[in-house]
Structures are given as structure tokens and as C-alpha cells.
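Working notes, structure below.
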Amino acid sequence: CPRGREPVNRSQMRWLLVVAGVLLWFIAVLPAYYVVHEPLAGVQALARPHITPALQNVAFAALSLLADLILLALTLAVAAAWGSRIGQRLGVVFDSGLERWTLGATLGLGLLGTVVLGMAIAHGLYRWAGYAVLLALGLAARSEVRTLCRWLRSGSRRLRSLGSPWLCLYASLIGLLSLGSALLPPIGWDALVYHLPGPRLYLEAHRLVAAPENFYLNWPAQVEMLFTWGLLLKGDTLAKLFHWTFWPLTTALLYALTRRSVGTRAGWWAVALWASIPFASELAGTAYVDLGLTAFVLAGFYAFLRWTESQSKGWLALSALFTGLGLATKYMAAVWLVALVLLLAYHALRHHRQTIGWSVIRASMFTVVVALVAAPWLAKNWIVTGNPVYPFLFGGEGWNPTREAWLTWPGHIYSRNPLDYLALPWLATVLGTSGSAAFDATLGPLLLCLVPLAFLLRGRPRAVNYGLALVGGQLAYFAATIHRYVYLAETRLLLPAFPLLCLAAAFALHRLPAWDRKPFRLSRVVGGVVALVLAANLLTETHAFLAVRPLARLAGLESREDYLARRLGAHFEAMRYVNQHLPESAKVFFLWEPRSYYARRPVQADATLDNLAQLRLAWGSANDPPGAALAALRAGGFSHLLLYRAGLAFLREPTPQPPTLNSLTARFAPEQSLYPLSDEDLGFLTALLARCHAQASLSEIYDVYRIP
Numbered sequence: 002c003p004r005g006r007e008p009v010n011r012s013q014m015r016w017l018l019v020v021a022g023v024l025l026w027f028i029a030v031l032p033a034y035y036v037v038h039e040p041l042a043g044v045q046a047l048a049r050p051h052i053t054p055a056l057q058n059v060a061f062a063a064l065s066l067l068a069d070l071i072l073l074a075l076t077l078a079v080a081a082a083w084g085s086r087i088g089q090r091l092g093v094v095f096d097s098g099l100e101r102w103t104l105g106a107t108l109g110l111g112l113l114g115t116v117v118l119g120m121a122i123a124h125g126l127y128r129w130a131g132y133a134v135l136l137a138l139g140l141a142a143r144s145e146v147r148t149l150c151r152w153l154r155s156g157s158r159r160l161r162s163l164g165s166p167w168l169c170l171y172a173s174l175i176g177l178l179s180l181g182s183a184l185l186p187p188i189g190w191d192a193l194v195y196h197l198p199g200p201r202l203y204l205e206a207h208r209l210v211a212a213p214e215n216f217y218l219n220w221p222a223q224v225e226m227l228f229t230w231g232l233l234l235k236g237d238t239l240a241k242l243f244h245w246t247f248w249p250l251t252t253a254l255l256y257a258l259t260r261r262s263v264g265t266r267a268g269w270w271a272v273a274l275w276a277s278i279p280f281a282s283e284l285a286g287t288a289y290v291d292l293g294l295t296a297f298v299l300a301g302f303y304a305f306l307r308w309t310e311s312q313s314k315g316w317l318a319l320s321a322l323f324t325g326l327g328l329a330t331k332y333m334a335a336v337w338l339v340a341l342v343l344l345l346a347y348h349a350l351r352h353h354r355q356t357i358g359w360s361v362i363r364a365s366m367f368t369v370v371v372a373l374v375a376a377p378w379l380a381k382n383w384i385v386t387g388n389p390v391y392p393f394l395f396g397g398e399g400w401n402p403t404r405e406a407w408l409t410w411p412g413h414i415y416s417r418n419p420l421d422y423l424a425l426p427w428l429a430t431v432l433g434t435s436g437s438a439a440f441d442a443t444l445g446p447l448l449l450c451l452v453p454l455a456f457l458l459r460g461r462p463r464a465v466n467y468g469l470a471l472v473g474g475q476l477a478y479f480a481a482t483i484h485r486y487v488y489l490a491e492t493r494l495l496l497p498a499f500p501l502l503c504l505a506a507a508f509a510l511h512r513l514p515a516w517d518r519k520p521f522r523l524s525r526v527v528g529g530v531v532a533l534v535l536a537a538n539l540l541t542e543t544h545a546f547l548a549v550r551p552l553a554r555l556a557g558l559e560s561r562e563d564y565l566a567r568r569l570g571a572h573f574e575a576m577r578y579v580n581q582h583l584p585e586s587a588k589v590f591f592l593w594e595p596r597s598y599y600a601r602r603p604v605q606a607d608a609t610l611d612n613l614a615q616l617r618l619a620w621g622s623a624n625d626p627p628g629a630a631l632a633a634l635r636a637g638g639f640s641h642l643l644l645y646r647a648g649l650a651f652l653r654e655p656t657p658q659p660p661t662l663n664s665l666t667a668r669f670a671p672e673q674s675l676y677p678l679s680d681e682d683l684g685f686l687t688a689l690l691a692r693c694h695a696q697a698s699l700s701e702i703y704d705v706y707r708i709p
């Protein structure tokens, strides 16, 4: 063989290996994924809604939804105006209107939560005060609002020049489906447990109040303050819309980041990949806080990258503000804070030749700004519970070993096999399913298919490398966490990592033509497969949306109560019984029912499922434990008990476990209930109920008792 042919042969061999490896990887992932997640299957259509064809109902529903959207738009405009103004005051120079207004809206919404917190502390949670604050903030930033309106009016021209219309259309349709879900009455579990009951409690008192019986309300609650704002101005639909808003904001931020670091076409690929993650768009239709955290983390990373380019202190300060808002939303953001601080120090040492001392000072100042933004919540928790990071590290009010056992299942880990932790991306993607113990999230197959390809390509931009480093740190922390606490094995906790994975996957798609050859164009094959997966996802998401029969409710042909009865079943029936059949003076003690949002009587929900265990802990050593417990309940003003029998039955059954590699071979761990429910607890419950007067049994799922 001539010497001149040898490099060519090596190149051809490398090309063949890469092409074969990519195709085999797709063949390994996609069939396995669709065996578990069959398109257009798994979502059963609900019962037909009860139609009430009254013209006034249709008109009222249309006007109500229009009012929600107008109030959302007004709040967003004011938030974007103030966020833009603050950025410019910090010395930030925005390169484009998209960058300015997307970052501005994200920052403004975050800081609006602090404004609402201030209103709550000042006993100012009144509807008239909310509209007065909105008007005052709008008038004070009217010049920025006018500039924003001019930018939006010219938006259609910019969209026509952006290219990739089908990717834009795909993301828009997914966004509209999630918007449709957001316009429906709230039914999400955590939304009914604490994301909405907390804000409603504050509005009823017109101020911030302590709720020690619901320990979730003692966590940082920056996004919950936006829910408070929505309830204050109008109602829970507007509150839900604020969480939905973070989905398009994350989409716009991801597009801006990818366009800047990779290219315009890659930006649209990143948007489509983000829209292809089913559980992200599903969350957008709920009153949860995870998308708020995702937007804050992504905005913080974006501002950090702009600092690495310009060395402008304003961009670094903006990054710290966003990271602080993330920490004020969820403790989990502390992981991103640590990762960004380490990345900051690394970049300063490696690329700007700064001394270790200066790097430490800069990282310390960054951390101080983050802490100042989160400080109101840390101070509030310190005052209410005696622990600024309640319940971690120092315990606090209402925290004891019994509650910890019920909430965290200590001693139960995810797996003892190290390979299970290395295989987490595969397991969470292929086997993960929303609404189940299998990581409670449906991810779609594209990120698992495409992200590994980014490691095959040279010349990765700094944004991709830094993003992958942050994701790696977050994944390692997640693995360490579930190794100790299996109950945290939910992919939702990794949601802020997914936009960065979309960035890496979009980079891989953008650079894949480098492996094209005349006999075989790998980029076209992969692009075609990706298009098919996107089409299948759109059909599946549309089917899932229509299966719940939402259009009758959106059009006003189905009443709110009928819709909730259809979606929540016996739970809404029980709440309606509490509201309509118990006296106004009633106060209800829930057993194994954490949801309380639709109860209009004073209740103590069983947020951590340990109400009975806490009663037994407090009065189990008395001469007459059931009598002492009932006397304590009467002294607390309680008149009734609500027993969720289905919840109790669920606790006694084997607890579903997240899948491991053994699941692939049908070798499952021994089944057991991980809830610390003992025979003594059940005996105490039987004795307690024997002293009470049975009042109603609802669908054999709920029982109502009157406390003597």
C-alpha cells in the first residue's frame, strides 16, 4: 500500500467507526425507549364532561381567560421593564432586544416576588394594594415599557428572518398545549399541598403568617410569591400562568445562548429539543416552581458566560442576582451556586491569569450577593423555625425524628450497585415515566441520543464545555443524594440541567455534517430520525392534552366544579362535603390527606403524612392515649376528623421503587413499605376512631368523624 494512502485509510476507518457507533447508539436507545413509552398509548380518555350550553357561561369564561392573559401581559411588561432598568444600572450592555427583554423579564419576575414578600410582611396583601403597586411600578418604568412595546411590534419581521420555521412551529405548538393546561383549574399534587394553600393562607390573613403544621411552607418561596400575586390580582389560573411563563422565558434564553455560542440554526434545534421534553412542558401547565428555578439558573449561567467574554462586573453581578433568586426558590440551587463559584475561580485562574487571592475574593463577593438576595427567606425561616435553612443541619420548630422518618425514609437507599448510578441517564430516560415511581418524569429519547455525540466533536465552545461541567456536577450530586435518600429519586430535581443538555445536543446536530461523506450523509439520517421523534412527540402530547377533555372547560361549557369533580374524583367530593355539610365553625384534622387547597373550612392537612404519628408521639405515654389526643385536638379547636382510607391503604402496600439495572432482567428488590407505619400506630388509630362519631363515608375512600 503506498505510503500516501495510509492517512486516508485511517481517516476512513475513523469515519466508519464514528458512523457505525452513532447508528448503533440510536438503535440501542430509540427502540428501548418506545417499547416503554408507546406513542399515543397510556393516556386513557376521561369521562365526557357535563355540558351546560349557556351563552352567559361561555361569555364569562372567555372574559375571565382574557382578563387572566391581560394581567399576565401587564405584569410581564412591568417586570421586563424593571429587570432591564436594573441590568443597565449595573452597567450591563445588552447585545440584542431578545437578550435585554428576556433577561429583564426573568429578573423582574424574580424581584417581583421580593416585592410581594415585602407587602406580606407589611400586612398589605389586599387586592386594591396589588393593583396600586402594579400601576405605580408601571408608571415609574413607562419609558422602558414603551421601548418594549416598540420591540414587540417589530417582532414579526424578525421572526420571518430567523429561519427554521418548522422548528419554531413545533416549539410554539408544544407551548400552546402547555398554555391550555395552565388555563385549567389546578389539580397538581404539590400545588394542592403547599404551592397554592400557602399563598391562599397569606391572602386570608393579608400578611405573611407561620404555618408550622405544613413544614413545606418554611422553605424558600420566591416563586410562591408570584402565585400570591396571581391570587391577589385575580385567582389561581393567573397564579398558574406565572409558572407557565417561565417555560417560554427558558426557551428564549436557551435560543439566545445557543445562537450566541454555536449559531442561529443550532439555536432553533435547542428550542425544539427543549420542547421535546414531555415532563418540562407538562410542568409548565401546573402551579409548581421548578421552571422558575430552571429559568433563574439558566439566566445566571448566561450572564456568567457574558462575563467571561467581557469581564464586565455588571454581568457577574447579574449572574449573582439570578443565582440568588434560584436559591430563594429552592435549596437545591445551592448546588448550582457551588458549581458556578468553582467555575468562576477556575476561569479567573486559567484564562485571566488572576492570582488565587483575587479569585477567592471575586468568588466570595459573588456568594455574598447571592446570600443577600436569598436573605429574606433565610431570615424568615430563622424567625419562624429557629433555623435559617430549615429543616436541614439544625432541625427546628416541629422537626423531630418521627417526622424525619416519615418524610425521608432514612436508611433506605436507591441501590448498592455502583453501576446503577453510572446508568442513571439511561434508566431515567428509557424507563422514567411521569406519574410513577420510575423517576416521575418522561424525558423523551433525543437528549440521550444526541448529547454523547457532542463528546465526539472537537472545538466545543466554552458555553458547551462549561454547561456540561455544571451538568456533570449536578448529576454527581443527584446520585450522591439518592444513594442516601431514595425518596429524592425524581428527575424533576435535575430540571435546571436540561436546557444545558439541549445546548450540547444542538451543538452536536449543528456540527454533525463534519462526519458527512458522499456515500453516506450522517447528518441527514440523524436529522430525519430527530424530525420523526419530534413529530411523534407532538402527536403524543396533543393526544394526552385532548384525552382529559379540556376544551369544554376552556370554552365555559363545563363548570369549574364539574371539571374538578371529573379530574379529582373522590378528593373533590370530600372537599365539597367539608365545605357544604360541616358547620362554618368546624375545623378539620386530616389523616393521610396532604391536599387542602379546595377546603374552605379551617383544616390541618397531613402534609408529611405523620399527623397520627405526631399525635401518638405527644400523647402515647398518657394514661389514656386516645382520650388525651382527642382532648388536645378539641383544645386546638378541631371538631372533625377526615380519614383518607385510600391513602392509608397505599402506605401499607409495598412502596414502588425506582428502576435499576436489575429491572431490565426482571430481578426486583424485595417489596416492602418504606413508610414507618407500625401496628401500634394502627391500634392507636382504631382506638381513636372508636371514640369519635362516624358522620359520613364518601365513595368508601374518605370517612368523616365528629370529635366528641
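In this note's numbering, each residue's number is its place in the sequence shown (first place is 1) plus 1.
Just so it is clear, CB atoms sit at the ideal spot from N, CA and C, and this is done for glycine as well.
- Query: If you run the structure through DSSP and keep just helix, strand and coil, what is D680?
  - Reply: helix
- Output the distance between the C-alpha atoms of V134 and R86, rounded to the nearest integer angstrom. 17 Å
- Quick one: measure Cβ to Cβ for P426 and T295, integer angstroms, because I've assumed they're closer than 8 Å. No, P426 and T295 are not in contact; Cβ-Cβ is about 18 Å, not under 8 Å.
- Message: Just to confirm, is the Cβ distance from V117 to W230 under 8 Å?
- Response: yes
- Can you tell me the Cα-Cα spacing of I122 and W308, whole angstroms? 35 Å
- Message: Taking a contact to mean a Cβ-Cβ separation below 8 Å, would you say A68 touches K241 in this structure?
- Response: no
- Pick helix, strand or coil for Y645, following the three-state DSSP scheme. strand
- Item | Residue-level contact to chain C via CB, N466, 8 Å cutoff | No chain C appears in this structure, which consists of one protein chain only.
- Query: In the segment 348 to 401, which residue ranges form an unbroken alpha helix (DSSP H) of at least 4 residues, counting only runs that do not cross its ends?
  - Reply: 357 to 386
- Task: Whole angstroms is fine: what's the gap from A545's alpha carbon to L41's?
- Result: 8 Å
- Message: Which residue marks the beginning of the beta strand (DSSP E) containing H694, and which one marks its end?
- Response: 694 to 699
- Quick one: grab the DSSP three-state call for D704. strand
- Task: Take every Cβ of the segment 453 to 464, pair it with every Cβ of the segment 506 to 515, and state whether three or more of those distances are shorter than 8 Å.
- Result: yes
- Query: Given that a residue counts as buried once 16 or more other Cβ atoms are within 10 Å of its Cβ, and exposed if not, what is D625?
  - Reply: exposed
- Below 8 Å between beta carbons: does that hold for L504 and A271? yes
- Query: Excluding sequence positions up to five away, which residues of its chain have a Cβ less than 7 Å from the Cβ of A446?
  - Reply: The question names Ala, yet the displayed sequence has Pro at residue 446. Hits under 7 Å: V30, L31, Y34, T430, V534.
- Query: So the alpha helix (DSSP H) L284 belongs to, where does it begin and stop?
  - Reply: 279 to 285
- Considering F228, what are the terminal residues of the alpha helix (DSSP H) in which it resides? 223 to 234
- Message: Quick check on Q673: does DSSP put it in helix, strand or coil?
- Response: coil
- Message: With three or more beta-carbon pairs closer than 8 Å as the criterion, would you say the segment 515 to 523 touches the segment 12 to 27?
- Response: yes
- Task: List the whole-angstrom C-beta distance separating Q658 from A438, where the pair is believed to meet the contact cut-off of C-beta under 8 Å.
- Result: 6 Å
- Neighbourhood of A537 by C-beta, 7 Å cutoff - its chain only, sequence neighbours within 5 removed: P40
- Query: Near T148, which residues of its chain fall below 7 Å by C-beta distance, leaving aside the five closest residues on each side in sequence?
  - Reply: none
- Query: From Q13 to R463, what does the alpha carbon distance come to, in whole angstroms?
  - Reply: 29 Å
- Query: Thinking C-alpha only, which one of G648, S560, A688, S622 is nearest A63?
  - Reply: S560
- Given a cut-off of 8 Å, decide if L344 and A211 are closer than it, judged by their beta-carbon atoms. no
- Message: Can you tell me whether L444 is helix, strand or coil according to DSSP?
- Response: coil
- Task: Check F521 in the structure and name its three-state DSSP category.
- Result: strand
- Item | Nearest to V452 (by Cα), restricted to the options N10, G638, F27, R11 | F27
- F591: first and last residue of the uninterrupted beta strand (DSSP E) it sits in: 589 to 592
- Message: Given this structure, state the Cα-to-Cα distance separating T330 from R11, to the nearest angstrom.
- Response: 53 Å
- Task: Taking the CB atoms as reference points, tell me whether H413 and V526 lie closer together than 8 Å.
- Result: no
- Message: Using the Cβ count rule (16 or more neighbours within 10 Å means buried), how would you classify D680?
- Response: exposed
- Would you tell me roughly how many angstroms separate the C-alpha atoms of F685 and Q673, rounded to the nearest one? 22 Å
- Query: So what does V604 bridge to, in DSSP terms?
  - Reply: V589
- Message: Quick check: what's the CA-CA separation for E585 versus R128?
- Response: 25 Å
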